[in-house]
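Heads up: take any position in the sequence shown, counting from 1, add 3, and you land on this note's numbering.
Worksheet: the structure to be examined is printed underneath.
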Amino acid sequence: MRPSRTRRRSLQALSPVCAVLLFLALPLAAQTTTASPADDPHDAALVRCFGLQRSEPAQAIAIAESLLADGALPVLAEIKAQSCLGMASALAGDTGRALAAAERMEQLIDANPQPNAVALRTYSNAGAILHAAGQVHRALALYDRAERIALAEESEVAQLTTLINVALIHAENLDDPDGAETLFQRAIALSERTGTRDVLLDYNHARNLLRLGRQREALAAFDAAHAQAERVPNTLMGHRIDAERTALRHVLDGSTDARDVLETTIAAQRALPDPAGEAISLTLLARTELADGDAEAALRNARAAEQVAQSDAFLRERVDAIRAQVAALRALQQPEAALDQAERAHTLELGALRRLNLQGLADLQARLQDADSARELERLRLERQIQNLSLDRTRLARNWAVGSLIAIGLAVLAFVLFQRRINLRLRRLSTLDALTGLINRRAATHRLDATLANGVPGASARALILLVDIDHFKQVNDRHGHAVGDLILTELSARLKTGCRPDDVVSRWGGEEFLIACGQVTLDQARAVAERLRAAIADVSFPLPDGQRVAVTISIGFAPYPFFPDHEDHGAEAWQDAIRLADRALYAAKHSGRNAWVGLWGHDADGTDIDSVLRDPLQAERARRIAIVASRAPNWTGDAAADAT
């Protein structure tokens, strides 16, 4: 059942937005089907309040508080006023007032039953406000209540809202942009079918595409959001979209007016006020300045962004601002200060996740206590009614206990699953390299211990260890600066990841060195892998902030695990031997002129040990104990000092 055209216009005009994450919520229309503007003197003020909550939140708050000061509002009018107050307060960064408004809405609708259409919008709006205030568990409970009503009413608009809200939970709270993208695509398809697509859906979808690294698609989504904002004027969203588009175009196309546009946008957001949007724009400006080589200005604006984002509701904006400070401090050659700020951002994220866990535990305990209380009250009522029917009383008590245990079990299971997702994210934060997004050396070591040590070697196909090193990386840093070096490390990591299979281990081993481990491959396949990775880097230059491009090459050394197919030691020491051999091959590639690969491949040990191969690979090859393969003739001697550049 699709909404009418009049209703669709109302949805687009009044759909409110929360702070920080810009959650969509269903609008509480100022008019009902049983009253006209002449019947209710509050309708005109409520229409103004909902119309201003996105673009002028301060004015919307003033209107809502003026209505609530009456003290004698009808229930439905108070629900609407609290909804407008809560959303506008969330946008303005006043988490306490937003949270109080959501709680009051829930109290009113529970104590004063309303038609399904009103209840659906009330639960959805209250859930969105709680979500913005960080009360994710409570928000999910209200989203669930709204969704059940929506399914009963066959409301596609309500289902659309739930899809978007859950997508944002995946993207922001669970760090699952892939799962969020699936939900966003479903929401887009449903919005096009119902004719209710608006600026917030495209804006949030664009931000999720950025998390996935799909920048060109994100720019197209921001362009779609910009077109929506122009059709239905929205000052607040217009400024946020302009900032994101400007910064992204600077990254993709090197636009020259990005800093001026961002500074103008920031001034407009400060005047609204829109503190969350201002913090986002300041961080984007800092990144743009850093890319232009102005690290001091970048540090100044990143600190300003953190200062604006002090509210608990703006944790994501605050962490992003601190990470921008880290990048600026590294460019300014202040590694200790950069490390302090990186640890502070890490602590904030971990603290938020732990609070989410504790909040879930508190909610679970409250639900269990409520279940106990309800069960006791029911038992007393049954005792009074059927005190002479002991058999029936026993049966009813048993059934009630079983039902309660099932309900408690489901609640515990839901909490455990949610907590497991949060704990997985905590572990992921400790295993990733902050700059490149690849797993770090510690995590790679654990992966190799767990997988290679248990592998079953074959005569022809064995596991493959590759060590990759960027040629002349120190010269790149000295000539262009560490900010450019960081950009090259990030882009090169992405290209290496793309050149490998999904199950391969791709890690940052240290500095400009990377380790890659592949599953069972033959010698010919190993040669193909090494050449594919070398060509992927050598064939494409890297863009610089000043518009120029720099060519970068890599050298690769590889060896199989186990090195000899008949080797009996398949433990951790054996794969570390493979790394030693790959390292020996890597330096032979560097001695031969770089932009090359060299591999050592064991055939038959027959008394030959790893140390003798390391000392003289050519002798081992002449004895037909190993094969040496290379993209060009390897040089097994060379200047160690030259290799470090």
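C-beta: ideal position from N, C-alpha, C; glycine also.
Quantities reported herein were computed from a predicted structural model and do not represent experimental measurements.
Helix, strand or coil at residue 54 [DSSP, three-state]:
Secondary structure of residue 54 (DSSP, three-state): helix.
DSSP three-state assignment for residue 554, whether helix, strand or coil:
Here residue 554 carries a coil assignment [DSSP, helix/strand/coil].
Cβ contact check for the region 74-82 and the region 43-54: 3 or more pairs under 8 Å:
The region 74-82 vs the region 43-54: in contact.
Name the residue from 139, 193 and 195 whose alpha carbon lies nearest to the alpha carbon of residue 169.
It is 139.
Cross-strand partners of residue 600 (DSSP beta bridge)
Answer is 559.
Could you pull out every residue in the same chain whose Cβ sits closer than 7 Å to the Cβ of residue 148, ignoring the five residues on either side in sequence?
Sequence-distant partners of residue 148 (beyond 5 residues in either direction) whose C-beta falls short of 7 Å from its own C-beta, in its chain, are 126.
Answer with buried or exposed for residue 354, where buried requires no fewer than 16 other C-beta atoms within 10 angstroms of its C-beta.
Residue burial is scored here from C-beta neighbours: residue 354 has fewer than 16 other C-beta atoms within 10 angstroms and is therefore classed as exposed.
Own chain residues within Cβ distance below 8 Å of residue 226, not counting five before or after
Closer than 8 Å at the Cβ level, and outside the excluded window around residue 226, lie 248.
Give me the Cα-Cα distance between residue 552 and residue 514, rounded to the nearest whole angstrom.
Their backbone Cα atoms lie some 22 Å apart in a straight line.
Is residue 633 helix, strand or coil when you go by DSSP?
The DSSP-derived three-state label of residue 633 is strand.
In the DSSP output, which residue or residues are listed as bridge partners for residue 605?
Secondary-structure assignment with DSSP links residue 605 through a beta bridge to 629.
Counting C-beta neighbours from all protein chains within 10 Å, is the total for residue 452 16 or more, i.e. buried, or is it exposed?
Only exposed fits residue 452, as fewer than 16 other CB atoms lie within 10 angstroms of its CB.
At which residues does the beta strand (DSSP E) containing residue 516 begin and terminate?
Unbroken beta strand (DSSP E) run through residue 516: 516-524.
If you follow the beta strand (DSSP E) that residue 513 is part of, which residue opens it and which one closes it?
For residue 513, the uninterrupted beta strand (DSSP E) run begins and ends at 508-513, by DSSP.
What is the DSSP secondary structure of residue 136, reduced to helix, strand or coil?
DSSP places residue 136 in coil when its eight states are reduced to three.
By the three-class DSSP mapping on this structure, what secondary structure does residue 245 have?
Here DSSP, grouped into helix, strand and coil, assigns residue 245 to helix.
Inspect the beta-carbon positions of residue 180 and residue 214 and report whether they are closer than 8 Å.
Yes.
So, using beta-carbon positions, are residue 583 and residue 607 closer together than 8 Å?
Not a contact, by the Cβ cut-off of 8 Å.
Note the first and the last residue of the continuous beta strand (DSSP E) segment covering residue 466.
Note, residue 466: beta strand (DSSP E), 465-473.
Secondary structure of residue 435, DSSP reduced to three states:
DSSP places residue 435 within a strand segment (E or B) once states are collapsed to three.
Taking 6 Å as the limit between beta carbons, can you name the residues of its chain near residue 329, skipping five residues before and five after?
Its chain contains 341, 344 and 345 as the residues whose beta carbon lies nearer than 6 Å to that of residue 329, once the 5 sequence neighbours on both sides are disregarded; these appear in chain order.
Any chance the region 558-569 sits against the region 480-500, with 3 or more Cβ pairs inside 8 Å?
Judged by Cβ distances under 8 Å, the region 558-569 makes no contact with the region 480-500, as fewer than three pairs qualify.
7 Å Cβ shell around residue 98 - same chain, five flanking residues per side excluded:
Here the set comprises 136, 314, 315 and 316.
Which of the three DSSP states is assigned to residue 187 in this structure?
The answer is helix: DSSP assigns residue 187 an H, G or I state.
Evaluate contact between the region 499-511 and the region 541-551, counting only Cβ atoms and requiring at least three cross-stretch pairs below 8 Å.
Contact check between the region 499-511 and the region 541-551: fewer than three CB pairs, one atom from each, fall below 8 Å, which does not count as touching.
Limits of the unbroken alpha helix (DSSP H) element including residue 290:
Taken as a continuous stretch (DSSP letters only), the alpha helix (DSSP H) holding residue 290 covers 278-294.
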